[in-house]
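Colleague:
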Amino acid sequence: MDNAAFRKSRLSCATLALLASVSTAGSAWAQMSYQEAPMLAERVAAGTLPPVEERLPNQPEVVPMYEGIGQYGDEFRFGMSGYSDHEQIQNWAGNMGPIQLDPDTHYTEALPLAAGAFSVSDDAKEYTFTIREGHKWSDGTPFTTADVEFAVNDILLHPDLAPISAIWYAGGELFELEIVDDYTFRFTFAESYGDFLYEIADRDNTHPTFYQKAYCSQAHPDYNDNLDADLAANNLTDWRDYLLQLCGNPSKSPTRWGNPDRPSLEAWIVTEPYVGGSTQVILERNPYFWQVDEEGRQLPYIDRLIGTVYSDPEGLLLGAIGGNVDYGQRKLEAAANRPALAEAAPRIGAELYDVTAIGGSSLWFQLNLTHRDPELRALFNKRDFRVALSIGFDRQEVIDTALLGEGVPWNNGPFEDSPMFHEQFATQYLEFDPETANALLDGIGLTERNADGIRLMPSGRPVSFTAEITVARNDIVDQLEIMSAMWRDNIGVEMRINATERALMYAKVDNNDHDATAWDDNASWGPGRFPSSLVPAEFNSRWAIGYARWFKTGGEEGMEPPDHILERYHLYQNVKTSRNFEERRANILAMADIAAEQFETFGVSKMMSNRGIVKTALRNVRDWNPSTSQFPPALQRPWTFWWGTADGNRPTN
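Written as structure tokens, this is what we have:
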């Protein structure tokens, strides 16, 4: 039986095992004896670590295996491209929020995670979570609602920290947190909020279970009377920087992997940190990890994760074809890499696997409609200008050249087989029509040109702008270069490309200092998935950062939006308060109707299924892997991966 067939054959068994474990409830834990990895057994025997029974919760989470019970041992290797690629660590070490989405339902249903149980009121206003008794942080101290209360009230809601995301509001009002007892906490919203479970399952929103009060409070002015001295000792002046240094944050910060002393709930904990100049990051098993397999073996199976930091994506590719990436897709997915990966796979004991597209576009182009420059802002806000750009380049040529022929012209949005499909939004203005494009540009007054053939704005400035992109996305840079040449030659519009480190790009865009950006977009518009191309309520809607800031600050900052954006904000609130799928779908599609008429952004090609690489000896790897950061590999529970070799060790390359 081949590897893929073996994996599929075990799925039904794993599902039955899960049902059995749930149905037997407390009796299953009472009858279960626990086992641990040999590397921890040595520490127990030496008296430096309590026995496994004392480290696990009273009722640890019993995890069903996708392929079968594993064996302990060895390491898992992955690669990163530079210091801004910390998401690679998140992909494998995971994010232990209260809940997670279930990979065996294609991430459409929620399962308990750091919360041992949860319930939702009939009106979808109250969400109650229960922590397992005896659940411990990686330093062996209890995890209780005191940690949740600190993380929510003193971190998430602190006015001097990051703006509060829209996901924590319903009906225009913040949630209320109730601490019921040491193990039970409840979020209550002013209106029904059917999406909240999906939102809190997202890796950026795991605040309630991220910060250990005893450790992180030493960086907080409300808890540390000697904070000024501690700041001085660490060459810092701002407690927020100290908090970030000690504890990081749940979302886009590499600092969460830079402190080996930070207590966590994750399966592996940092021993060799990820800091500037790092060439390697190492994480070793958490002795207090709270999950076991059906036979009572404490997870994870694999002893340690080893991430090699390469200087750029090309270096990462060389590492992969050299056998030093055991499972990877991020920054390897460019079509141009596929021949090299396919050639290397049999030589290094690996195979290519499908990374399934769920919707969206390979390149999502966004002019900044809230640009600081009044003249550029006025130009970008002319719909005919955006339409002219969309029909002023040949998508099929971009697909044939930059995407090696794999693609279908597409703007954005869910695919035709999705209940969220919106035909006009996805398919309008796709045909290459330079004659009409030029007529549109003439019609908005861009009739004069300079000696290079570039159109001139009323002030005499060239119609020229810069598209920001990260240097790691060669696939997008390749598409942009072809688009740029076509716009210059066919319609007299100049686009420059600025490829920088991701952190620099994010900082520039978040500060609204950009002309345009390009990225891909995995648009499903499903529950818990933010429709960035429809409504600018978060900063990943880079086409309207000023509106997003206005929305997030209640109008205190940013730029006041026009009526059609305000109408979408209203619909977005209705989406969040929807209590069933059909109600939610109607509001999403109403937003799409408006967005289609406005035509603020456009795409190039359908997001096509990519190919990743995985070692054939690695077990418990699922066959369905969506190609989106919204459903990262961590949802596959990498702590259940194991090496299917005779000795349980990682095979040599």
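If you count the sequence shown from 1, you need to add 795 to reach the numbering used here.
The C-beta atom is built at its ideal place from N, Cα and C for all residues, glycine as well.
On a predicted model such as this, the values are computed, not experimentally measured, just so you know.
Roughly how far, in whole angstroms, is the beta-carbon of GLY1053 from the beta-carbon of TYR1037, given that I think they are within contact range, below 8 Å?
Modeller: No, GLY1053 and TYR1037 are not in contact; Cβ-Cβ is about 13 Å, not under 8 Å.
Colleague: Is ALA1183 closer than 8 Å to GLN1286 when the C-beta atoms are compared?
Modeller: Here residue 1286 turns out to be Ile, not Gln, going by the sequence shown. For ILE1286 and ALA1183, yes; Cβs fall inside 8 Å.
Colleague: In or out: PRO1141 buried (at least 16 other Cβ within 10 Å) or exposed?
Modeller: Result: exposed.
Colleague: As a quick exercise: from ALA1262, ILE1264, ASN1233 and ALA1014, pick the residue whose alpha carbon is nearest that of ILE1249.
Modeller: Here the closest residue by C-alpha is ASN1233.
Colleague: Between the Cα of TYR1096 and the Cα atoms of GLY868, HIS1365, PRO1421 and GLY842, which residue gives the shortest distance?
Modeller: Minimum Cα distance to TYR1096 is reached at GLY868.
Colleague: Suppose you measure from the CA of GLU1395 to the CA of GLU1192; what does that come to, to the nearest Å?
Modeller: One C-alpha to the other measures close to 23 Å.
Colleague: Helix, strand or coil for TYR1342, going by three-state DSSP, please let me know.
Modeller: If DSSP states are grouped into helix, strand and coil, TYR1342 belongs with the helices.
Colleague: In chain order, what are the residue ranges of uninterrupted alpha helix (DSSP H) at least 4 long that sit wholly in the stretch 884–955?
Modeller: DSSP runs (the alpha helix (DSSP H)) wholly in the stretch 884–955: 940–944.
Colleague: Does DSSP put VAL1065 in a helix, in a strand, or in coil?
Modeller: Three-state DSSP puts VAL1065 in a strand.
Colleague: Using a Cβ-Cβ cut-off of 7 Å (strictly less than) and excluding sequence neighbours within five positions of PRO833, which residues of its own chain qualify?
Modeller: The residues are TYR867.
Colleague: Between PRO1433 and the rest of its own chain, which residues show a CB-CB distance below 6 Å, the 5 nearest in sequence each way excluded?
Modeller: Cβ neighbours of PRO1433 beyond the five flanking positions: TRP887.
Colleague: Work out the CA separation of GLN1161 and PRO1257 for me, nearest whole Å.
Modeller: Cα to Cα, PRO1257 sits roughly 19 Å from GLN1161.
Colleague: In terms of residues, what are the limits of the alpha helix (DSSP H) holding ASP1358?
Modeller: Per DSSP, ASP1358 belongs to the alpha helix (DSSP H) from 1358–1372.
Colleague: Quick one: grab the DSSP three-state call for GLY1091.
Modeller: Coil at GLY1091, not helix or strand.
Colleague: Shortest alpha-carbon distance to VAL1416 belongs to which of PHE1220, GLU921, LEU851 and GLY1123?
Modeller: Nearest C-alpha to VAL1416: GLY1123.
Colleague: Can you confirm whether the stretch 1060–1074 touches the stretch 1398–1409 when touching is taken to mean that 3 or more C-beta pairs between the two stretches lie within less than 8 Å?
Modeller: Contact fails: fewer than three Cβ-Cβ distances are below 8 Å.
Colleague: Spell out the partners DSSP gives PHE982 in its beta bridges.
Modeller: Looking at the DSSP assignment, PHE982 forms a beta bridge with TYR922 and LEU972.
Colleague: Could you pull the start and end residues of the alpha helix (DSSP H) that TRP1159 belongs to?
Modeller: Not the alpha helix (DSSP H): TRP1159 falls in the beta strand (DSSP E), residues 1156–1162.
Colleague: Please report the distance separating the alpha-carbon of PRO1421 from that of TYR964.
Modeller: The alpha-carbon atoms of PRO1421 and TYR964 are separated by roughly 28 Å.
Colleague: Give me whichever residues DSSP pairs with MET1290 in a beta bridge.
Modeller: The partner list for MET1290 (beta bridge, DSSP) reads PHE1260.
Colleague: Please report the distance separating the alpha-carbon of ASP1310 from that of HIS1015.
Modeller: C-alpha separation (whole angstroms): 38 Å.
Colleague: Quick test of your reading: MET1354 and TYR1367, contact by CB under 8 Å. State the CB separation rounded to the nearest angstrom.
Modeller: Incorrect: roughly 18 Å between the Cβ atoms, too far for contact.
Colleague: Tell me which residues share the same chain as VAL1272 and place their Cβ nearer than 7 Å to its Cβ, disregarding the 5 neighbours each side in the sequence.
Modeller: So the list reads ILE1264, ILE1292 and ALA1294, once near-sequence residues are dropped.
Colleague: According to the neighbour-count rule (16 or more other Cβ atoms, all chains shown, within 10 Å of its Cβ), is VAL1399 buried or exposed?
Modeller: Classification for VAL1399: buried.
Colleague: Report the residue ranges of all beta strand (DSSP E) runs contained in full by the stretch 1080–1146; include only those spanning at least 3 residues, in chain order.
Modeller: For the stretch 1080–1146, whole beta strand (DSSP E) runs of length 3 or above, ordered along the chain, are 1099–1105.
Colleague: Measuring only the C-alpha atoms, how far is ALA1028 from LEU1022?
Modeller: Approximately 10 Å between the Cα atoms of the pair.
Colleague: What are the partner residues of TRP1437, as DSSP defines its beta bridges?
Modeller: Note: TRP1437 sits in a beta bridge opposite ARG1414.
Colleague: Identify, in the order they occur along the chain, each residue of the same chain with its Cβ nearer than 6 Å to the Cβ of GLU1243, setting aside the five sequence neighbours on each side.
Modeller: The answer, listed in chain order, is LEU1251.
Colleague: Classify HIS1217 as buried or exposed, calling it buried when 16 or more other Cβ atoms lie within 10 Å of its own Cβ.
Modeller: Counting Cβ neighbours within 10 Å, HIS1217 comes out buried, since at least 16 surround it.
Colleague: DSSP three-state label for THR1165, please.
Modeller: Here THR1165 sits in coil by DSSP.
Colleague: Compute the beta-carbon to beta-carbon distance between PRO893 and ILE962, rounded to the nearest angstrom, for a pair I have assumed lies under 8 Å.
Modeller: Contact doesn't hold; Cβ gap of about 13 Å is too wide.
Colleague: Once the 5 residues before and after ASN890 are set aside, which same chain residues still bring their CB inside 7 Å of it?
Modeller: For ASN890, where only same-chain residues beyond five positions count, the Cβ hits under 7 Å are ARG998, THR1001, PRO1045 and ALA1429.
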